[in-house]
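Quick notes on the structure that follows.
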Amino acid sequence: VLAGAGAAAGGILLQSCATLPESAPRPAPAPRPLAIPPLAPSTSDGGVRTFRLTAAPGDSGFLAGARTPTWGYDLPFGGPTLRAARGERVRVHVTNRLPETTTTHWHGMTLPAVMDGGPHQPIEPGATWSPEWTIEQPAATLWYHPHPHGHTERHVHRGLAGLFLIDDAAGAGGPLPHRYGVDDLPVVVTDRVFTADGSFDETRRNAHGLVGDTLLVNGTVAPYHVATTARIRLRLLNASSARCYRFARSDERPLVLAGTDSGLLAAPRPVPDVLLTPGERAEVLLDLEPARPVVLRSLPQDLGAVSGNERSIGALDTLDVLQIRPAAELEPAPPLPAALPHDPGPDPATATTVRRFELGNNTINGRTMDMSRVDEVVPAGATEVWELTNVHSRPHNLHVHDARGQVIEAGGRAVPPELRTWKDTVYVPPRTTTRLVLRFGRHADPATPYMYHCHLLYHEDQGMMGQFVVAPPGTTEVPPILAGGDH
Ligand code: C2O
Ligand code: CU
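The sequence shown begins at 14 in full-length UniProt numbering and counts up one residue at a time.
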């Protein structure tokens, strides 16, 4: 559950996550129009919606008078937005034109393990990988990024990340704003430190990873967007390595939460703020007045008395994320919808297993990642409760591949069913326990693991990751996994 949602429910959580390096203040850059990543073109190949992505080095102009070497999918930085509907069959030809091996992971997707794009599906330089699967899940804002074991932070930091939007089978419409780039806006938020020559600084890493002093939103520094409608929908993605954002409006009106990681809410819900740790998404609605600018901000966060990690993850900062400039005349918006297309959550009473995970000093249950070890065996299609305890003073979150679920308890408080939202990545504040009910995919493959890991990418690279296989129900023994793809 999001902090904002919790706060709205009675002031539960206002914690945050990762601290900030010291650096010379840079003159405030002139505002620029928010870049909108293009929608990826697709062809229909025997009824399969087929996309092509090429990961390659590029050259970007983020700062006036400076060039920045970057990596991107089809773009110098970032990647196009892939879009497909529930029920569709999709294929993506991913070509690697980088000087090193990478992978492309579909974050939030329920799909066969060999299509997942984790560390076991390397794409060598010059090679093309062509995963294909059927979209089996409801409308949501997912994303894609590299996942090579030990190097994920660096690959994502250079710019490899894009959105993957899933529409409901009925189409992109429904009661929410859905004109891409007009009233339905991607907002991919990352942070960087620039060196004097304009390059990304990849050297000043603290215990949480690379934490920047300059925000890039869809690759734009100091972005503004001219709104022409009285309501806009923002698809927020925290694509940062370690920094967490507590999003709020500058005019102190609530944000209206419509969706979280892997699905829409039953109904839009006003919340004072929305906390997103790395990898998390939220869809929020903002109602606007003609010619009255609003700033989407990130506010300071409280990590709790036990932490002491506030500065190193930037949790004390107030940052402008996106200026919204409404036009003098706005296309009117209908009343907020009373209900959204929504799948009811799994009932924790039907869970067949409770698994416990201790998040430590970049360890999970005292261990670090081993690509040849299977840590957990999950029956295909299972509903399980995962209990995550952060026994450390560091902020951590946990992302589980292939699964979608809901937080049922956080910080010692039960989350009532009406406040649960669909998640694939959950924050576990220092010295607290989060319980979630997860529903796993139905694709059994005892030979190919999926990952679960902290999505603070440097923690993940340091080995804060484990592997599970999805096996036919009743399987207790699984074949050993061969090491591979460790580059
Ligand atoms: Cu977004 Cu396993 O990653
Ligand atoms: Cu972590």
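We put the CB at the ideal spot given by N, CA and C, even for glycine.
Checking the 7 Å criterion, the Cβ of H170 is out of range of every heavy atom belonging to ligand 1.
Membership of I49 in any alpha helix (DSSP H) is not indicated, and neither H nor E is assigned to it by DSSP. With a cut-off of 7 Å, the C-beta of M477 is classified as near ligand 2, since at least one heavy atom of the ligand falls inside that distance.
A Cβ-Cβ distance of about 6 Å is found for the pair T438 and N410, placing them in contact under the 8 Å criterion. Remark: C-beta atoms of L76 and P42 approach each other more closely than 8 Å. Per DSSP, V390 lies in no alpha helix (DSSP H); the unbroken beta strand (DSSP E) holding it starts and ends at 389-392.
Residue list for ligand 2: H409, C467, L469, H472 (CB closer than 5 Å to any heavy atom, chain order). Within the chosen limit of 7 Å, ligand 1 does not reach the beta carbon of H456 with any heavy atom. Under the three-state reduction of DSSP, T123 is assigned to coil, being neither helix nor strand.
Spatial neighbours of P188 in its own chain (CB-CB distance under 6 Å, excluding positions within 5 residues in sequence) are listed in chain order as P350.
For the beta strand (DSSP E) assignment, the uninterrupted runs of no fewer than 3 residues enclosed by the UniProt domain "Plastocyanin-like" (76-182) are, from N- to C-terminal side, 81-86, 95-98, 102-109, 118-120, 145-147, 153-158, 175-180.
Counted as a single uninterrupted DSSP element, the beta strand (DSSP E) harbouring Y463 occupies residues 463-466. When distances are taken from the beta-carbon of G292 to the heavy atoms of ligand 1, the shortest one is below 7 Å. Membership of S325 in the alpha helix (DSSP H) is indicated by the continuous run 323-326. Taking all protein chains in view, the Cβ of R167 is crowded by 16 or more other Cβ atoms within 10 Å, so the residue is classified as buried. Look at D474 here: in three-state DSSP terms it is helix. For the 8 Å CB-CB criterion, P492 and A457 do not form a contact. Looking from the CA of Y193, the closest CA among D274, D360, R96 belongs to R96. By DSSP's assignment, A484 forms a beta bridge with P392. Assigned with DSSP and collapsed to three states, L432 falls in helix.
Between ligand 1 and H160, a heavy atom-to-CB distance of less than 7 Å is present. Under the three-state reduction of DSSP, T273 is assigned to strand. Here G78 is exposed, its C-beta having fewer than 16 other C-beta atoms within 10 Å. Two segments are said to touch when three or more pairs of C-beta atoms, one from each, lie closer than 8 Å; by this definition the segment 249-268 does not touch the segment 50-66.
Non-local C-beta neighbours of I49 in its own chain, meaning closer than 8 Å and more than five positions away in sequence, comprise Y193, G194, L198, P199, N231, ordered along the chain.
Remark: the shortest separation between the CB of H120 and any heavy atom of ligand 1 falls under 7 Å. Cα atoms of E101 and G60: separation of roughly 9 Å, rounded to the nearest angstrom. A distance criterion of 7 Å places the beta-carbon of M384 beyond contact range of ligand 1, judged by its closest non-hydrogen atom. For A362, the secondary structure class from DSSP, reduced to helix, strand or coil, is helix.
Residue side-chain check: H133 keeps its Cβ at 7 Å or more from all non-hydrogen atoms of ligand 1. In the three-state reduction of the DSSP assignment, R256 falls in the coil class, being assigned neither a helical nor a strand state. H191 has its CB no nearer than 7 Å to any heavy atom of ligand 1. Closer than 7 Å to some heavy atom of ligand 1: that does not describe the Cβ of M128. Counting along the chain, the unbroken beta strand (DSSP E) around Q419 starts and ends at 417-423. The closest heavy atom of ligand 1 lies less than 7 Å from the beta carbon of H412. V195 sits in coil when the DSSP states are folded into three classes, being neither helix nor strand.
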